[in-house]
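K.L.:
Residue numbers (my numbering), protein chains in the order written: chain A, 476 to 762; chain B, 476 to 762; chain C, 476 to 762; chain D, 476 to 762.
No residue lacks a Cβ here, since even glycine has one placed at the ideal position from N, Cα and C.
Following this message is one structure expressed as structure tokens.
Number of protein chains: 4
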Amino acid sequence: MKNVYMIINTSKDPTLTYSCKIMDWLKSKDCKVYIDSYVRECYAFNAIDIEDDSELDEIDFAIVLGGDGTIIHSARRLAMHEIPILGINLGNLGFLAEIEEHEWQENLEKVLEGKFEIETRMMLEAQIYTNGILIEEGFCLNDVVISRMALSRMVGFSIYVNDEFVNYYSADGIIIATPTGSTAYNLSANGPILAPHNEMIVMTPICPHSLTARSIVLSSNDIVRITFEHNRRSWDNDLMVTIDGQEGKEINNDAEIIIQKADLKTRLIQIEGHNFYHILRRKLGGN
Amino acid sequence: MKNVYMIINTSKDPTLTYSCKIMDWLKSKDCKVYIDSYVRECYAFNAIDIEDDSELDEIDFAIVLGGDGTIIHSARRLAMHEIPILGINLGNLGFLAEIEEHEWQENLEKVLEGKFEIETRMMLEAQIYTNGILIEEGFCLNDVVISRMALSRMVGFSIYVNDEFVNYYSADGIIIATPTGSTAYNLSANGPILAPHNEMIVMTPICPHSLTARSIVLSSNDIVRITFEHNRRSWDNDLMVTIDGQEGKEINNDAEIIIQKADLKTRLIQIEGHNFYHILRRKLGGN
Amino acid sequence: MKNVYMIINTSKDPTLTYSCKIMDWLKSKDCKVYIDSYVRECYAFNAIDIEDDSELDEIDFAIVLGGDGTIIHSARRLAMHEIPILGINLGNLGFLAEIEEHEWQENLEKVLEGKFEIETRMMLEAQIYTNGILIEEGFCLNDVVISRMALSRMVGFSIYVNDEFVNYYSADGIIIATPTGSTAYNLSANGPILAPHNEMIVMTPICPHSLTARSIVLSSNDIVRITFEHNRRSWDNDLMVTIDGQEGKEINNDAEIIIQKADLKTRLIQIEGHNFYHILRRKLGGN
Amino acid sequence: MKNVYMIINTSKDPTLTYSCKIMDWLKSKDCKVYIDSYVRECYAFNAIDIEDDSELDEIDFAIVLGGDGTIIHSARRLAMHEIPILGINLGNLGFLAEIEEHEWQENLEKVLEGKFEIETRMMLEAQIYTNGILIEEGFCLNDVVISRMALSRMVGFSIYVNDEFVNYYSADGIIIATPTGSTAYNLSANGPILAPHNEMIVMTPICPHSLTARSIVLSSNDIVRITFEHNRRSWDNDLMVTIDGQEGKEINNDAEIIIQKADLKTRLIQIEGHNFYHILRRKLGGN
């Protein structure tokens, strides 16, 4: 008997018809199904409430119904409790949510029979300091983005790796991404693809003023530090840190940001037959 | 006897020592020197006030003391009165302000003797409509930028050229630049250099989601129309139009933006010995 | 009664079944059909031989059966006799051969009824000099490529535009392309798309050693000159000029290459309903 | 007493004046100096011949006088005998030859006193098979490049990583580089910088036909396999493999190339005060 936590992007399954079908099937297989209380309340979904995250320790695995965004959104909570994730894709092709909508039953059967592997994905931890005091901390599976606020065209920042000065950049911003995040915003900003089974960090400046600025790939043990001490113009003061595209934190020139590999890891349930390069070819087209 | 309008970036000549030296010399050559009234008031600068832009019709040429930014800032006003511009560069090497700080006297002598040519530069006109009503209009020498506001990661927009549909883009934004503007923000966003004596328009998407999106170079007669009708997400609603980096106008999905060659032109005084490729090599380095 | 010249890529219609169908239909419409003598001999194709290019003056229009490559290959000959081209596409989607295989009849009817427009496309002329003596001349619709021969990794060359020095480049080579050629090799080398109705020239370095080297877009009146006088290494001596991908000419460091707009133009028959951006979207994908 | 092997790029020190100064100093410090026999013969250089590579086992460290190219050229031989390298730069700034010409004495003193660290650099091994038979093998510190021969514009190849199909590419070629090689040809072809202390592999297509083709960064344990089985055109048959820019091997469509981390490593003598990012800033410029 398994304890299964269903995380549902209700905008992609608004009537919960699809989710209920899966829940009923899981119950018929003697699983206990857990759900976020706000979903159960709104939808009269007949499952056990997760009222407090401490209950997550009971969970055997999570089914995420939505897409890559929904997985990204839940990644930290699930990583903290070491819960493996099976992503079911209700929208566009995803890198993380490998199971397509219609394939759910055959794949869930394999999961219940233990016919799967766990692929771990590296995460990043970002810490924001002001005058040496930690004011904010966050974890991410994709990326940390430092960018300008509207109206201020350029951000000036200095990058240090393991306390060695790398360079000063004038740019729209910079992306610090994991291998998982390398195929997201990093790719739009001209960064390279990092094969997802690796532990690496990629730094990609966004629209850098200097034409020689390039993506730099670091080892997963490198510690990145970003400061704004040389900013020359007052309007460079409007900066923002965004962690996995979800939390925008305004900062100013006093801030110092430390980004490094997190202790947490995301665990993806991988069922035979899916692979990264196959998805990459379909996503990017090619030939 | 010439009427000379001095436009001074007071942050680059805070004591006006340099500006006064030029003014005194001009007066010694029987020139009448005009200045913006706010400068004269603050600094007791002994020149004739420009109180109303209609007085600009009297001006023979303008000296802009500052850099490319100061020229860009004044470009529309000077273009409307067909005033040629001599830019003196008080900071970094400029593409427009070709005269270096110490070269002022020899070059001004040439200008007073008529030993110069006028190089015209194409400008753009941007019109913003909401529900078919013109709500804003602007002119620029560099570029029109449509971008996201903070927090909204992507903008979705459709581009039409002469009413033919070009493509739908998801991106951080798009730059519509003149040849003059091609070496500014456009270059950071991976756009090509347009030789400045040409009349052309370049459209460069900023961090496009699709990896196949590229800069497109249009003829100067092409009319670009940008709409946001297919935006799918509410947070795509936070859009901004920036004209020559100076006027940020918030718009929303109802807006329609028309960009085309302006009737106005910027007139740059060009003295023998300066040329674009020489500056380009120094700016970009190379080999 | 029209004189129609059929140019057939026999590797794409090896049995000539398709070509014969079109020929028979043309004859039924009182057209005289001309063909290259080598095709007629090999295939017993019942059409009039073109034995000498002077006969091309009789031709009203050419039908090119193949693809963009076949049109490129015939472009110079047809341009010299001002013959409009209708391209029928027997392979992948083309930018020039707009008619799809199955659409031939309805489009040919329109052509015979005069329901079409002629779109002219700018061509380039390349001249290769050694010690001031013209040793080779060529015309192209797409591009002139100067590149290394195998084994020599870098080419060093200086570019002049209208006798102004632009820059010295170390690179794998350089592409000088028309708007038509901008979507060919130029695009792979990171160059911009030039809207095809324009007259412009784009220069794109191939894998330049300097990271600041960028595509430069010139006016169609600019004259490009390329020299190799500063080449430092003997193995830089193995250079090649390729004109429309078809004629490879070995040159060495003494050579000087002049590239400018040709007097010749390619004339494409354009039937309503086809347009460049539509093809671009299908070729590049997008969104 | 140390055994020191001097490797001299005689084109950069043609009179050997500089080399002799270093040799004399080394002898005054009781070092035994070894040299390649062809150098000693030509220049009457008073040092011990290396007549056979087995003698390299006696060597404590090598001084390479030249530049990065000279180090690359010697890398395999020195790696096989685990000889640390001190590179003295006689030309342009180098990434590997960190010691500038005038700094030789102070740095050699530190080396003799043992005040240095050894930085190891990952190397690659390339194997070329035809019909399953190994026909060529090579080692490199920078990169393996598969490219077209002259005249054949595109190469078509399939990439597999650990026997998983990655993609089919049409391109001018592909670069498989180490972190050391990431700042060489890879950078010109738009690839990312890999911090040199890492063990990673980067694959960068050269002028790919598909605009979605991007650099992919792999772990150092990944095995890359390249085949040409889907090449459609006869002229795609002219292929070349180049290993560290030095050995060009012609291959054809039957070939299969395996590239993986070599067992060999290059050992660089690193003296305090030099670091990669400092050189990168000077090489690339920036701001």
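1. Helix, strand or coil, according to DSSP, for Asp711 (chain C) in the structure here?
2. Within a Cβ cutoff of 7 Å, which residues of the same chain sit near Lys585 (chain D), ignoring the five residues on either side of it in sequence?
3. When you compare the CB of Arg515 (chain A) with every CB in chain D, is at least one pair closer than 8 Å?
4. For the alpha helix (DSSP H) containing Ile547 (chain C), list its first residue and its last residue.
5. Give the interface partners of Ile538 (chain A) over in chain B, defined as CB-CB distance under 8 Å, in chain order.
6. Using a Cβ-Cβ distance under 8 Å, would Trp710 (chain B) count as near chain D?
7. Please work out which residues of its chain come closer than 8 Å, Cβ to Cβ, to Ile534 (chain C), disregarding the five sequence neighbours upstream and downstream, and give them in chain order.
8. As an exercise, report each continuous beta strand (DSSP E) stretch of at least 3 residues that is fully enclosed by the stretch 626-710 of chain B, in chain order.
9. Within 10 Å of its beta-carbon, does Gln735 (chain C) have 16 or more other beta-carbons around it, so buried, or fewer, so exposed?
10. Leaving out the 5 sequence neighbours to the left and right, which residues in its chain are closer than 6 Å to Asn582 (chain C) when beta-carbon positions are compared?
11. Given that a residue counts as buried once 16 or more other Cβ atoms are within 10 Å of its Cβ, and exposed if not, what is Ser549 (chain A)?
12. Do Glu611 (chain D) and Ile603 (chain D) have their beta-carbon atoms positioned less than 8 Å apart in this structure?
13. So with Cβ pairs under 8 Å, would you call Leu686 (chain C) a contact of chain A?
14. Does DSSP put Gly761 (chain A) in a helix, a strand or coil?
15. I believe Asp499 (chain D) touches Leu565 (chain D) by the beta-carbon criterion, under 8 Å. Please report the beta-carbon distance rounded to the nearest angstrom.
16. How should Trp710 (chain D) be labelled, buried or exposed, when 16 other C-beta atoms within 10 angstroms of its C-beta is the threshold for buried?
17. In chain D, which residues lie with their C-beta within 9 Å of the C-beta of Gly666 (chain A)?
18. So with CB distances below 8 Å, who are the chain D contacts of Gly760 (chain B)?
19. For Arg742 (chain C) and Ala664 (chain C), what's the separation of their Cα atoms in angstroms?
20. In the DSSP assignment, find the unbroken beta strand (DSSP E) run with Thr605 (chain A) in it and report its ends.
21. Given that a residue counts as buried once 16 or more other Cβ atoms are within 10 Å of its Cβ, and exposed if not, what is Ile608 (chain B)?
22. Along the chain, where does the beta strand (DSSP E) containing Cys506 (chain B) start, and where does it finish?
23. Would you list the residues sitting across from Asp524 (chain B) in a DSSP beta bridge?
24. Using 10 angstroms around the beta-carbon of His684 (chain A), count the other beta-carbons present and answer buried if the total reaches 16, otherwise exposed.
25. Rounded to whole angstroms, how far is the Cβ of Phe599 (chain D) from the Cβ of Ala670 (chain A), which I believe are closer than 8 Å?
26. In chain A, what lies closer than 8 Å to Asp697 (chain D) by C-beta?
27. Does the distance from the CB of Leu634 (chain D) to the CB of Val677 (chain D) come in under 8 Å?
28. Where do the ends of the beta strand (DSSP E) carrying Lys736 (chain A) lie?
29. Using only alpha-carbon positions, find the residue among A:Val514, A:Thr679 and A:Ile546 that is nearest to Ile668 (chain D).
30. Check Glu612 (chain B) in the structure and name its three-state DSSP category.
31. On the DSSP letters alone, give me the boundaries of the beta strand (DSSP E) that Leu561 (chain A) sits inside.
32. Quick check: Phe632 (chain B) and Ile650 (chain B), are their CB atoms within less than 8 Å of each other?
33. Whose C-beta lies closer than 8 Å to the C-beta of Ala537 (chain A) among residues of the same chain, with five residues either side of it excluded?
34. Taking its Cβ as the centre, do 16 or more other Cβ atoms sit within 10 Å of Ala688 (chain C), making it buried, or is it exposed?
35. Leu599 (chain D) touches chain C at which residues, Cβ-Cβ below 7 Å?
P.N.:
For this structure:
1. At Asp711 (chain C) the pLDDT is 48, less than 50, meaning the model places this residue with poor confidence; the figure from the coordinates comes in the next sentence. It is helical.
2. Here the set comprises Phe591 and Ile746.
3. No, its Cβ sits nowhere closer than 8 Å to a Cβ of chain D.
4. Note, Ile547 (chain C): alpha helix (DSSP H), Asp543 to Met555.
5. At a beta-carbon threshold of 8 Å, none of the residues of chain B lie near Ile538 (chain A); the nearest stands roughly 25 Å away.
6. Note that Trp710 (chain B) scores a pLDDT of 48, beneath 50, so its modelled location is shaky; the value from the coordinates is reported in the next line. Under the 8 Å criterion on CB atoms, Trp710 (chain B) is classed as non-interfacial with respect to chain D.
7. Result list for Ile534 (chain C): Asn478, Val479, Tyr480, Tyr509, His556 and Ile558, in chain order.
8. Runs of the beta strand (DSSP E) inside the stretch 626-710 of chain B: 630-636, 639-646, 648-652, 675-681, 691-694 and 699-702.
9. When all chains shown are included, Gln735 (chain C) counts as buried.
10. Excluding sequence neighbours, Asn582 (chain C) sits near Ile574 and Ile746.
11. Buried is the call here.
12. One thing to note: Ile603 (chain D) has its Cβ within 8 Å of the Cβ of Glu611 (chain D).
13. Chain A, which has a Cβ nearer than 8 Å to the Cβ of Leu686 (chain C), makes this yes.
14. In this predicted model, Gly761 (chain A) has a pLDDT of only 49, less than 50, meaning its place in the structure is not dependable; the value taken from the coordinates is given anyway. In this structure, DSSP gives Gly761 (chain A) a state outside helix and strand, which the three-state scheme calls coil.
15. With 8 Å as the limit, Asp499 (chain D) and Leu565 (chain D) do not qualify as a contact, their Cβ atoms being about 18 Å apart.
16. Here the model assigns Trp710 (chain D) a pLDDT of 48, short of 50, so the residue's position is not dependable and the matter cannot be decided.
17. The contacting residues are Pro667, Arg689 and Ser690.
18. Here the neighbours are Gly760.
19. Spanning the two alpha carbons is a distance of roughly 27 Å.
20. Here the beta strand (DSSP E) through Thr605 (chain A) covers Glu592 to Thr605.
21. With a 10 Å radius around the Cβ and a threshold of 16 neighbouring Cβ atoms, Ile608 (chain B) comes out exposed.
22. From DSSP, Cys506 (chain B) is part of no beta strand (DSSP E); its letter is neither H nor E.
23. Per DSSP, B:Ile510.
24. The residue in question, His684 (chain A), is buried, as its Cβ has 16 or more Cβ neighbours within 10 Å.
25. Residue identity check: residue 599 (chain D) is Leu in the sequence provided, not Phe. Their Cβ separation, rounded to whole angstroms, is 16 Å, which puts Leu599 (chain D) and Ala670 (chain A) out of contact at 8 Å.
26. Within 8 Å Cβ-Cβ: Ala670.
27. According to the sequence displayed, residue 634 (chain D) carries Ile and not Leu. Against a cut-off of 8 Å, the Cβ pair of Val677 (chain D) and Ile634 (chain D) comes out as no contact.
28. Looking at the DSSP string, the run of the beta strand (DSSP E) that includes Lys736 (chain A) is Ala730 to Gln745.
29. Cα-wise, what sits closest to Ile668 (chain D) is A:Thr679.
30. DSSP places Glu612 (chain B) in strand when its eight states are reduced to three.
31. Counted as a single uninterrupted DSSP element, the beta strand (DSSP E) harbouring Leu561 (chain A) occupies residues Pro559 to Asn564.
32. No. Outside cutoff.
33. Answer for Ala537 (chain A): Val479, Tyr480, Met481, Ile482, Ser549, Leu553, Ile558, Pro559, Ile560 and Leu561, listed in chain order.
34. Classified as buried, Ala688 (chain C) has 16 or more neighbouring CB atoms from the shown chains inside 10 Å of its CB.
35. Under the 7 Å cutoff, chain C gives no residues; its nearest Cβ is about 18 Å from Leu599 (chain D).
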